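In the order they appear, the protein sequences are chains A and C.
Taking the UniProt record's numbering, the leading residue of the first sequence gets 1, the next gets one more, and so forth.
Taking the UniProt record's numbering, the leading residue of the second sequence gets 1, the next gets one more, and so forth.
Note that the Cβ used here is the ideal one computed from N, Cα and C, for glycine as well.
Since we're looking at a predicted model, the values are computed, not measured.
Number of protein chains: 2
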Amino acid sequence: MAELPLPDLDPTSDRAVFRQIADHIRTAIEQGVLAEGDKVPSEARLMQHYGVARMTIRNALQVLQGEGLTVAEHGRGVFVRSHPPVRRLASDRFARRHREQGKAAFIAETEGAGGKPSVDSIAITEERASADVAERLGLSAEDQVIRRSRRYLINGQPVETAVSYIPAEIARGTRIEQPDSGPGGIYARLEELGHRLDHFVEEIRSRMPLRDEVRALKLAPGVPVFHLVRTAYDTDGRAVEVCDTVMSSDAYVLSYELPAR
Amino acid sequence: MAELPLPDLDPTSDRAVFRQIADHIRTAIEQGVLAEGDKVPSEARLMQHYGVARMTIRNALQVLQGEGLTVAEHGRGVFVRSHPPVRRLASDRFARRHREQGKAAFIAETEGAGGKPSVDSIAITEERASADVAERLGLSAEDQVIRRSRRYLINGQPVETAVSYIPAEIARGTRIEQPDSGPGGIYARLEELGHRLDHFVEEIRSRMPLRDEVRALKLAPGVPVFHLVRTAYDTDGRAVEVCDTVMSSDAYVLSYELPAR
DNA sequence: CGGCGGTACACGTATGTACGAGTTGAGGAG
DNA sequence: CTCCTCAACTCGTACATACGTGTACCGCCG
């Protein structure tokens with residue numbers, strides 16, 4: 001292994017030693033001296049190079065990990081994080097013309113990009129709407145909803161979890177209650193049930209993942225998530241579905257087209 | 001100060017001690033036992049309560065800080081993070097009808113929500129387009145652009161930095177080169193110059209902030225940013241502006257309306 | 001030649017100690 | 001009463017040490 005050239009510490013600087021070390025390694029990553037997947041020198045080597053205690057090195061590495069620049073692998077080393085291929089979500093991905101191909105949006109897109117899509121952890125229940133969902137769907141607190149939750153994977157890697165809520169009044173007894181909602185997905189079913197879709201509203205937040213989300217999406221440390229809530233409206237102006245999704249932020253770019261009118 | 005009730009450690013668990021401690025405090029926050037702004041017990045108190053070393057406590061607190069749940073203040077203590085009021089960015093915020101009021105989008109929105117908007121760090125230069133900007137604007141590598149950078153603040157708190165790029169061929173010698181671009185902002189100027197705006201495309205990413213961004217936006221640890229790149233197209237289909245903005249993710253919710261057509 | 005185990009190496013967890021530096025409030029000096 | 005000082009408390013940084021646990025590799029043994 002070629003030796004990574006790292007500067008020495010600046011003893012006159014009032015910047016904390018561990019920050020200086022983090023700066024050195026960050027610079028090496030930013031300048032490409034350390035490329036994606038490369039191994040950062042081991043804690044022992046860094047201790048030796050800088051002549052500092054292990055805790056100091058670990059603090060420095062912790063900073064970088066918190067910035068999402070590196071990941072530590074137990075027993076192997078610390079590596080520059082590699083970024084997965086990015087999925088671009090266009091604002092027309094739910095357009096009817098796509099749905100009429102008979103495939104759900106996720107499947108069609110992923111195959112189009114050469115990936116192998118899959119869906120797991122499908123669970124369907126009927127329950128009382130939460131306050132937030134009830135408000136978005138224009139329901140009262142006693143109303144029941146069908147809850148469809150699932151997880152999307154590309155080439156076996158989880159990238160997104162989604163939970164849909166549909167008023168039970170609409171979906172009860174239909175294929176929407178089945179794990180396989182049929183060709184075109186639940187939006188196709190809703191249209192067959194007479195709810196011609198008019199528009200969607202998407203609300204996007206970004207935050208650090210909860211513990212469950214780290215597990216479900218196998219997120220690396222320092223990776224935030226998109227939290228996207230989509231509400232579907234039919235041509236009568238009625239909200240017919242709310243979909244609450246959490247996406248690994250480094251697997252996605254969201255793209256929207258807005259009219260200037 | 002009322003004493004925070006925290007469970008004891010489970011010595012039979014194989015979960016690391018510092019994680020168990022982080023779990024306890026996280027639970028207290030999630031259940032509202034610790035509210036926003038509340039002080040987490042000091043490191044010394046936690047050491048005493050759990051009978052562990054200080055490093056173990058600090059590890060636990062580090063976990064929570066990385067999750068964006070707490071902030072440490074030197075000399076004061078560790079506090080449950082409070083969230084700033086959220087700005088909702090609607091997808092029609094650049095609609096012409098708003099622009100015709102004579103105010104830039106940011107000013108109008110913020111005043112509407114009762115906040116005091118301000119803009120600083122305005123800098124305008126003319127330079128060669130970067131590869132990325134050139135591609136978005138449909139320019140070649142030698143073409144010049146006007147670069148307008150600024151920072152937006154609400155009640156003195158920075159919330160967003162923005163850099164606009166306009167082809168020099170369009171903007172040179174116009175008010176777009178002036179720090180005060182006039183009523184309605186640069187979009188109004190572009191329309192006066194004959195570039196009637198047709199639509200925008202916004203690309204949204206989320207990631208952890210760079211060091212400069214932490215400083216410019218005074219970001220708390222564990223807060224990701226939205227990175228939004230908007231391209232404006234005129235009715236001839238020509239890209240006339242690219243705006244690259246970085247926003248504190250906990251100050252914003254982005255909202256878009258998409259047609260189902 | 002193939003599997004098994006040992007060993008070196010990597011990071012993970014935890015203890016203990018020491019000193020620095022920012023904040024706060026009580027108490028004394030003026 | 002006011003102002004200042006100082007002590008106490010807080011988190012920040014850094015040292016040294018020990019043992020646990022996962023990974024990779026190589027050589028021995030069957």
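Straight-line measurement puts the Cα of residue 148 (chain A) at about 14 Å from the Cα of residue 130 (chain A). With a threshold of 7 Å between beta carbons, residue 198 (chain A) makes contact with chain C. Fewer than three beta-carbon pairs drawn from the stretch 90-110 of chain C and the stretch 165-180 of chain C are found closer than 8 Å, and the two stretches are therefore not classed as touching. With a 10 Å radius around the Cβ and a threshold of 16 neighbouring Cβ atoms, residue 65 (chain A) comes out buried. DSSP, reduced to helix, strand and coil, places residue 142 (chain C) outside both helices and strands of the structure shown, so it counts as coil. The C-beta distance from residue 60 (chain C) to residue 22 (chain C) rounds to 4 Å, short enough to meet the 8 Å contact threshold. Here residue 247 (chain A) carries a strand assignment [DSSP, helix/strand/coil].
Burial check for residue 33 (chain C): the Cβ neighbour count within 10 Å stays below 16, so the residue is exposed.
Rounded to whole angstroms, the Cβ separation of residue 29 (chain A) and residue 69 (chain A) is 6 Å, and the two are in contact under 8 Å. A Cβ-Cβ distance of about 6 Å is found for the pair residue 52 (chain A) and residue 17 (chain A), placing them in contact under the 8 Å criterion. Of the candidates A:42, A:95, A:47, the residue whose Cα lies closest to the Cα of residue 74 (chain A) is A:42. Under the 7 Å criterion on CB atoms, residue 22 (chain C) is classed as non-interfacial with respect to chain A. Under the DSSP definition of a beta bridge, residue 39 (chain A) partners with A:79. Annotation: the continuous alpha helix (DSSP H) that includes residue 171 (chain C) extends over 168-171. Per DSSP, residue 234 (chain C) is not a residue of any alpha helix (DSSP H); the beta strand (DSSP E) it occupies stretches across 225-234. Within the DSSP secondary-structure output, residue 50 (chain C) pairs in no beta bridge. Taking residue 87 (chain C) as reference, the option from C:155, C:99, C:138, C:209 with the minimal CA-CA separation is C:155. Leaving aside the five residues that flank residue 20 (chain C) on each side, the residues in its chain whose CB is nearer than 7 Å to its CB run, in chain order, 9, 10, 13.
Going by DSSP, residue 200 (chain C) is part of no alpha helix (DSSP H) but of the beta strand (DSSP E) stretching over 197-207. Close to residue 215 (chain C), with beta-carbon spacing below 9 Å, lies no residue of chain A; the smallest spacing is near 14 Å. For the set A:261, A:257, A:157, the Cα lying nearest the Cα of residue 250 (chain A) is the one of A:157.
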